[in-house]
Amino acid sequence: MHKVPYSLRPSVNQARYASTSAGPYPFPHHTHPTPHQIFHLPLGSTQKEIKARYYELVRVHHPDAPGARDLSPTLRRSRFQAITAAYDSLRGRTPGGGRDIYREELARRRRARAAYEAKLNREHGWAYEHPPSPQWTASADDRWKDRVILFAGILALGLGIGPVIVWPSYQASYQAHLSASHNLATARREAREFGEERRREISRRVKEYKEQQAREQEQPPSPTASLSSSSSSSSSA
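Once you know that position 207 of the sequence shown is 208 in the working numbering, the rest is easy, because the numbers rise by one and skip nothing.
The following block contains the structure:
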């Protein structure tokens, strides 16, 4: 991440004093502000946002701005130069006629780090190295343990996830089975009641029919019927 050059950074006391009178975008109070911290913008801001924020910072932090009159001339110039350098960095331009002051700062820090490691090597007689990363040292005899652990992990995962996947479908099928059983029992009960009612109706009608036949057989023939039968026989003779 790019840093503002040391020559363009205001002192700590000046930066703290400046941060109290900077308006909506105060200058950072620490001594190593990044361009995004100076502009109060997050990483990934668009060029349009950077340009608009630069105009706002110039209006607030320009050496001739009304809000900067209470500051010392050195602080005003250093702060405005830091804003300009941050704007050039965010716009992808290298200030100073082709010089990239941020790359130079990174290179200076790398050289300082290399010199420090060389000094440790000279004083202690050992080369400075980063700690080695852990390596896989399992032998062929221990591979069966790895397979057992892997199988146990897969089995435990299956036992943990299986009920979550199987239980809803089992519950739905069980509910469907209960509903079908209830519907079948209701249909059978209604059919049995209907059959019993039909049998009672048929028995009642058969009984009425038999009673009517018995009454007709027991009742004697009327005189009118006998006269009509004798007249019919005489006319035929």
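In this text, a Cβ means the ideal position worked out from N, Cα and C, and glycines have one as well. Note that the structure is predicted; figures quoted are calculated from it, not measured.
Ranking Ser-46, Tyr-175, Arg-60, Trp-145 by CA distance to the CA of Ser-90 puts Ser-46 first. Look at Leu-185 here: in three-state DSSP terms it is helix. Spatial neighbours of Ala-87 in its own chain (CB-CB distance under 7 Å, excluding positions within 5 residues in sequence) are listed in chain order as Val-5, Pro-36, Ile-39, Phe-40.
Residue burial is scored here from C-beta neighbours: Arg-77 has at least 16 other C-beta atoms within 10 angstroms and is therefore classed as buried. Going by beta carbons, Arg-60 and Leu-42 fall outside the 8 Å limit.
A check of alpha carbon separations from His-62 across Lys-49, Ile-84, Thr-75 identifies Ile-84 as the nearest. Shown here, Gln-220 sits in coil according to DSSP, grouped into three states, outside any helix or strand.
Nearest Cα to Ser-79 within the set Gln-220, Phe-28, Ser-180, Glu-191: Phe-28. A direct Cα-to-Cα measurement between His-178 and Ser-170 gives close to 12 Å. Look at Asp-65 here: in three-state DSSP terms it is coil, with no helix or strand label.
For Leu-156, the secondary structure class from DSSP, reduced to helix, strand or coil, is helix. Per the coordinates, the alpha-carbon of Arg-205 lies some 12 Å from the alpha-carbon of Glu-197. For Leu-107, the three-state secondary structure derived from DSSP is helix.
Annotated three-state conformation of Arg-92 is coil, per DSSP. Around the beta-carbon of Phe-81, 16 or more other beta-carbon atoms lie within 10 Å, marking it buried.
About 6 Å separates the beta carbon of Leu-58 from that of Tyr-26, a gap short enough to meet the 8 Å contact definition.
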